[in-house]
Amino acid sequence: MSSNSDIIASFSPDVREFAFQAKTSQKNVVDIYPLDAAKDYSVNSSLVNHIDYETNDLQASDIFFAGWCSGLREDDKQRAKRKNDSDGGEEIDTEDKLENFFISVQASGKIVVFPSSGKNIVNMIQSKSDILQASVEGSFIWILDSERTVKKFQYNQAKQLRSFQLIGGKDSEIVYFEILKYEELLYLCYASNDTLYIVDPTKRRPSMIAKLPINGCKSCQLLDNERIAVATPKSVLTFNYKIEALEQEWHIEVKHLSVFKDIILCQGLADNIVGFKVGTDSPVFQVRVADAHLLGVALVEEGIMIAWLNVNEPNFESLSIRDLIGNRDVVIKGQTGSNPTYTEQLADGRNGSESEEGEVEQAAGKAISNNKITKAEQIELSKSLISALESGDNDQILELLISTAWNEPKIKSFIAAQSLTENSLCTLFELTTSEVQKHPWNDNQILSLWFKWLLTLKPAIYSSFQHSKHARKHNKRLRSSLKSSGDTLPILLGIQGRLEMLKRQAQLREDLAQLNITENEADGEIETVVQEEDRESLQISGDQDDSIAYANGESDTFVDASDFTNVK
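By this note's numbering, the letter at position 240 of the sequence shown is numbered 240, and the numbering carries on one by one without gaps.
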């Protein structure tokens with residue numbers, strides 16, 4: 001339940017709403033999508049609510065954290081507890097539904113609370129100090145400010161409920177901050193670059209539960225009242241935090257963790273979800289979104305809810321974890337213009353990394369190549385590319401890069417999974433961008449995909465690539481080339497549109513001309529038949545002359561001419 005620099009994507013705790021905004025759209029609005037299992041979680045644009053930040057003199061682009069709190073509706077609060085005279089005045093709790101409230105936090109210290117309807121601000125909290133980190137749990141908002149003070153607020157109150165100073169890592173940069181709950185346990189977990197701190201904030205004086213030596217914590221979740229799962233930049237770990245002991249490790253790069261019983265759900269960097277069961281080495285299932293961007297994952301009853309970006313709006317799919325377990329690869333097809341579907345491939349005894357390397361291209365979205373290669377051939381291709389990068393043979397590297405054996409899932413998997421050195425990444429980036437710069441109009445999509453996923457999955461390489469003068473000139477030429485082609489593209493599209501219109505007009509004229517010819521031929525046949533009938537009616541014998549009736553040209557009455565033969 002957070003926001004990154006490009007996208008706001010957040011499920012409500014009960015998975016009845018989903019907040020979404022693509023900041024690249026430059027709209028000062030956050031959309032709230034209602035989710036209904038009865039309607040198969042289909043998107044209906046007419047039911048989407050909108051939080052208009054412009055109306056409230058706010059900027060959605062300033063949001064660095066987005067999440068949800070839940071609380072009783074105002075009218076339910078009046079009925080939530082009432083005295084029943086027949087029961088001796090005891091308070092009775094009524095069964096009232098909770099309402100979700102969207103929380104947006106700005107680094108400048110402003111916390112804004114909206115209802116899920118998007119109408120009217122429920123509460124606005126202004127912190128005196130800048131906010132460094134934030135988290136939400138139930139009806140409460142927790143923040144860490146620049147004074148190293150942790151503060152707790154209720155979503156509908158401006159006054160803080162409590163505050164305390166950090167009891168560990170006071171002088172360190174805090175890179176992670178999260179409130180975690182397991183049954184009756186409530187812990188504050190925060191991390192510096194080399195240590196994860198687990199604190200019990202419920203006591204009058206917060207106490208340190210554990211200090212774990214972890215480098216770069218990205219996400220963590222409680223497994224039970226003794227163990228915790230932690231995601232680092234290169235692996236997922238499980239610790240017994242009571243004795244501060246490492247229990248298990250899986251080598252996989254992920255950005256977010258969720259826990260369902262003893263299964264750890266890992267949201268990967270390659271738009272995939274991998275499930276690991278505690279105590280086993282291999283994944284128990286994997287879900288992949290084909291040709292679309294995975295926005296988020298949430299637990300719902302006995303399954304998971306997946307959101308992915310379909311062109312410019314989210315789509316949703318609910319999957320049963322029981323059905324997923326044992327499936328080597330589940331592919332969600334993020335195709336536009338069609339209902340999302342998914343296919344399953346049963347496990348064949350291979351572990352997750354092997355199956356990912358040897359996966360068969362699925363018929364989903366835009367396929368780069370229809371060539372099917374074996375698992376061994378794909379592994380050999382990856383090894384050859386790594387060897388070429390290490391040797392610095394640019395011609396061989398380029399030849400391997402543009403091989404038709406690559407497709408988007410394999411490119412993402414290679415960049416995310418392979419432990420490439422900084423020099424290899426720089427070489428890969430320079431060669432890819434050079435080819436894109438030289439031939440910006442080339443219809444070879446493979447190089448464009450390499451360029452796209454290098455920037456997406458390894459953004460730091462672009463910054464390090466800027467250090468040399470040669471690299472800066474190279475990037476300047478690349479931007480110039482892309483800008484030129486980008487400026488030209490709308491003109492070409494306009495010309496293409498006009499040509500298509502002229503082509504359709506010419507076809508329409510041809511069809512109309514053909515239609516006229518057909519109608520004229522039909523009219524000629526009708527006229528010929530009428531003329532023949534007229535000639536037959538005029539062939540009258542002489543003994544019938546007295547019976548001829550003439551029509552009076554001034555009226556519709558018929559006059560027999562024989563009545564006037566004797567009149568002179």
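Virtual Cβ for every residue (Gly too), placed ideally from N, Cα, C.
All figures in this text were calculated on a predicted structure; none of them were measured in a lab.
Give the single residue among the options whose Cα lies nearest to the Cα of residue i.
i    : options                   : result
I8   : R16, Y190 and A22         : A22
Q165 : N225, E183, Y190 and Y155 : Y190
D271 : E247, A307, A245 and D262 : A307
I179 : C220, K159, E147 and S172 : C220
T433 : S448, S424, A60 and E422  : S448
E247 : N225, A210 and V278       : V278
V105 : Q126, K181 and E54        : Q126
Y33  : F102, A19 and S135        : A19
K255 : G67, I517, F101 and A416  : A416
T280 : N123, G326 and M124       : G326
S45  : D31, T55, L58 and E54     : D31
D291 : E430, I263, I332 and S163 : I332
For residue i, does the count of other Cβ atoms within 10 angstroms reach 16, so buried, or fall short, so exposed?
i    : result
K412 : buried
G497 : exposed
L324 : buried
A305 : A small correction: the amino acid at residue 305 is Met; Ala does not occupy that position in the sequence shown. Under this definition M305 is a buried residue.
Q378 : buried
Q588 : For residue 588 there is no data in the structure shown, the boundaries of the chain being 1 and 568.
Q157 : exposed
S235 : exposed
K119 : exposed
T238 : buried
S12  : buried
E435 : buried
E99  : buried
R205 : exposed
S424 : buried
K410 : buried
Specify the secondary structure class of residue i as computed by DSSP and reduced to three states.
i    : result
L538 : In this prediction, L538 has a pLDDT of 48, which is less than 50 and means its spatial position is unreliable; what the coordinates show is noted afterwards. If DSSP states are grouped into helix, strand and coil, L538 belongs with the helices.
W406 : coil
C220 : strand
Q106 : strand
I32  : strand
L161 : coil
E313 : strand
A388 : helix
D14  : coil
K569 : Because the chain spans 1 through 568 in this model, residue 569 falls outside it and cannot be assessed.
E247 : strand
T518 : helix
R509 : helix
A292 : coil
N193 : coil
G89  : Only weak support is given to the placement of G89: the predicted model assigns it a pLDDT of 47, under 50, and the question is left unresolved by the model.
T581 : Residue 581 cannot be examined here, being either before or after the span of the chain that is shown, 1 to 568.
K39  : helix
Q496 : helix
I446 : helix
T341 : Residue confidence is low: T341 scores 46 on pLDDT, short of 50, so the model does not pin down where it sits. No coordinate-derived value is stated.
K375 : helix
R350 : Per-residue confidence for R350 stands at a pLDDT of 38, beneath the threshold of 50, marking its modelled position as unreliable; the derived number appears in the next sentence. Correct three-state label for R350: coil.
R205 : coil
Expressed to the nearest angstrom, what Euclidean distance is found between the alpha-carbon atoms of residue i and residue j?
i    : j    : result
W453 : K203 : 46 Å
K128 : I111 : 12 Å
V48  : E317 : 17 Å
I397 : C426 : 13 Å
R322 : A506 : 59 Å
T421 : N193 : 21 Å
E253 : N240 : 21 Å
P314 : L295 : 8 Å
I141 : Q445 : 45 Å
C69  : K152 : 13 Å
V175 : T232 : 12 Å
D36  : E408 : 32 Å
E344 : D329 : In this predicted model, E344 has a pLDDT of only 43, less than 50, meaning its place in the structure is not dependable enough to derive any value.
A107 : I228 : 29 Å
V15  : L299 : 8 Å
L309 : S10  : 13 Å
D52  : P201 : 35 Å
S207 : L58  : 38 Å
V113 : V150 : 19 Å
So is residue i in contact with chain C if we call contact Cβ pairs under 7 Å?
i    : result
L428 : The structure shown contains no chain C; it holds only a single protein chain.
Say the cut is 6 Å; is the CB of residue i nearer than that to a heavy atom of the ligand MN?
i    : result
I306 : For the ligand MN, the structure offers nothing, since it holds no ligand at all.
query: Where are the alpha helix (DSSP H) runs, 4 residues long or more, that stay fully inside the stretch 257-282, in chain order?
result: none
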